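Chemist: Input: one structure, supplied below.
In this note's numbering, the protein residues as written are 78 to 249.
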């Protein structure tokens, strides 16, 4: 009986120390894990906020670029119409020559911005708008150009509305 009592007296501090060390290590490990999780969550939140800010700024800039592109296309169209009224024949090249640099610069700007847009709907509408403006600029007759101009304007309005809606609903 004495011997077991001696072993127990010597063993209790060792077991207590071992259990304390295990609990201490477990607590430290859990604390580190919670801190890593909190840092990861904070990083993900910050990244999501930065991504949303980037998309918002990109969409606003895209609206401006589309406006400039539309003005360049519209300017070329108006020049073509005026030339047609003067000469009596439709010549699509009159406005194209005068507005080429503006259209090209705005087109590059729009392309760069739309490639960053996450919304598939906005990207699809921008592609539809490009086709409509191409039909306008390639029109062979005045009547064809008139129809293409109306179509391009309708698509442009839908595109700007889609961007505005996206901005209001998700980024403001």
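Think of the CB as a built atom: it goes at the ideal place given N, C-alpha and C, for glycine as much as any other residue. A quick note: this is a predicted structure, and the numbers were derived from the prediction, not measured.
Look at the Cβ atom of residue 213, then the Cβ atom of residue 225, and state whether they are nearer than 8 angstroms.
Modeler: It is a contact, given that the beta carbons lie within the stated cut-off.
Chemist: Please classify residue 97 as buried or exposed, where buried requires at least 16 neighbouring CB atoms within 10 angstroms.
Modeler: Exposed.
Chemist: Could you give the DSSP three-state label for residue 168: helix, strand or coil?
Modeler: Note: residue 168 maps to coil in three-state DSSP.
Chemist: Closer than 8 angstroms by C-beta to residue 222: which residues in its own chain qualify, once you throw out the five before and the five after it? Chain order, please.
Modeler: Counting only Cβ-Cβ distances below 8 angstroms, and skipping sequence neighbours, we find 154, 157, 158, 167, 169, 213, 216.
Chemist: Run the CB neighbour count on residue 131, radius 10 Å, all protein chains shown included, and call it buried at 16 or more, exposed below.
Modeler: Residue 131 is exposed by the Cβ-count criterion.
Chemist: Would you list, in sequence order, the uninterrupted alpha helix (DSSP H) runs of no fewer than 4 residues that lie entirely inside the region 139-226?
Modeler: Listed in chain order, the complete alpha helix (DSSP H) runs (minimum 4 residues) inside the region 139-226 are 170-191, 197-214.
Chemist: Who are the near neighbours of residue 190 in its chain, counting only those whose CB is closer than 7 angstroms to its CB and skipping five residues on each side?
Modeler: 135, 138, 139, 142, listed in sequence order.
Chemist: Are the CB atoms of residue 160 and residue 171 nearer to each other than 8 angstroms?
Modeler: Yes, Cβ-Cβ distance for residue 160 and residue 171 is below 8 angstroms.
Chemist: So, using beta-carbon positions, are residue 133 and residue 248 closer together than 8 angstroms?
Modeler: A contact, by the Cβ cut-off of 8 angstroms.
Chemist: Would you call residue 203 buried or exposed, if buried means 16 or more other Cβ atoms sit within 10 Å of its Cβ?
Modeler: That one is buried.
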